[in-house]
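Residue 30 is where the sequence shown starts when you use the working numbering, and the numbers rise one by one after that.
Taking it in order: structure first as structure tokens, then the write-up.
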Amino acid sequence: MKSVYRISLLGLIACAGVIALGFLWQPVTSNLEVLTNLNPLKTLVSSKTSFAVIGDNEGDNEIYRDLISQIAADSEIKFLINLGDATATGSQAEIDELLKLHQEMNLQIPVYFVPGNHDIKADPARGIWVKNFGQKWQSLDIENLHLVLLDNADRKVGFPEEELAWLENDLVNLQKRAAVDQLTVIAYHRPFNYPLAEIVGDDETMASRKSNEKFIEILRKYPPDQIFTGHIHSSADYLMPLQKNAEGQTLKSVPVMVSGGGGQPPQSALGGIFKAKYHFVKVEVEKQKIKTRVVPAR
């Protein structure tokens, strides 16, 4: 795995607390061609680039507008990933409202979305999502980046079998053709396998845990350089184990960054509105290195 620089943002204890008490999930949806303003299958940027990630805005609100205005004003940021729960229920009206907001804020960079649990509330079958974004999951090459956008929005399912088969095939093909300096970034909504999760519990189901195990098996063979998730209305980073020895020591891991500060207050386990730290994350990529920085709302 190529080297990855990370900035710790929140103690792991807070993360464990969220797992112990349960996440307060909220849904999202968005519109592909209008929101991205480009062909989603191929985007060209320089080998030195920056992009932003944001999550859990749940539609139009003052905080999200502020964060989007900062992103739009930063000429270094080449594209934006919304990590899910971009709307409250994923209805077409909410998607249209979000598209209009981005236009009003003069956001002229590509925007890529992963579905959150709120994004599928209005239409669990993803029909509205596919209508607006074309695919439930996808990958694209952005010069020195291979970006993989996944769907694990439904806690009753996790990663669907079809998606996992697609993911492994995508990473196999990437390994065959990728340049030596290409970095792999994966984004999905619901994080899992937090530190202490086995002790304090989590919000997964039997089916989603099974899918998570298969997901880990794939990453063990084809480890990415960075994972971004949302769902928790705060920020945190941790190393997710991919392989352990007989003594339980981690032999292989992948850095995961959670960013869900796009507009909704933290879950009660994190202190609620009184502990809110609204933000987006600016990601800088250069020379096989990934560096993350939390940018607060003003």
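Each residue gets a CB set at the ideal place from its N, CA and C atoms; glycine is no exception.
DSSP lists 270 as the beta-bridge partner residues of residue 282.
In the assembly as shown, residue 115 is a buried residue. Its beta-carbon has 16 or more other beta-carbons within 10 Å. Annotation: residue 112 to residue 238 spans about 20 Å, alpha carbon to alpha carbon.
Across the structure, residue 148 and residue 117 are spaced so that their CA atoms are roughly 7 Å apart. As a beta-bridge residue in DSSP terms, residue 318 pairs with 315. Bridge pairing for residue 255: 214 [DSSP]. Here the alpha carbons of residue 161 and residue 271 stand approximately 34 Å from one another. The C-beta distance from residue 264 to residue 292 rounds to 14 Å, too long to fall under 8 Å, and the pair is not in contact. A Cβ-Cβ separation of about 17 Å leaves residue 152 out of contact with residue 184 under the 8 Å criterion. Annotation for residue 93: the continuous alpha helix (DSSP H) segment containing it runs 91 to 102. With fewer than 16 other Cβ atoms inside 10 Å of its own Cβ, residue 102 counts as exposed.
With contact defined as three or more Cβ pairs closer than 8 Å, the region 195 to 205 and the region 276 to 285 are not in contact. Under the three-state reduction of DSSP output, residue 146 falls in the strand class. With contact defined as three or more Cβ pairs closer than 8 Å, the region 301 to 317 and the region 88 to 106 are in contact. For residue 198, the uninterrupted alpha helix (DSSP H) segment begins and ends at 190 to 206. According to the DSSP secondary-structure assignment, residue 305 is paired through a beta bridge with no residue. Ranked by how close their Cα comes to the Cα of residue 327, the residues 86, 92, 317 and 110 have 92 in first place.
Following the DSSP letters along the chain, one finds residue 178 inside the beta strand (DSSP E) bounded by residues 174 to 178. Non-local C-beta neighbours of residue 176 in its own chain, meaning closer than 6 Å and more than five positions away in sequence, comprise 169 and 214, ordered along the chain. Out of 155, 275, 130 and 276, the CA that lies nearest to the CA of residue 181 is found in 155. In the three-state reduction of the DSSP assignment, residue 287 falls in the strand class, which pools E and B. Closest in C-alpha terms to residue 173, from the list 302, 88 and 211, comes 211.
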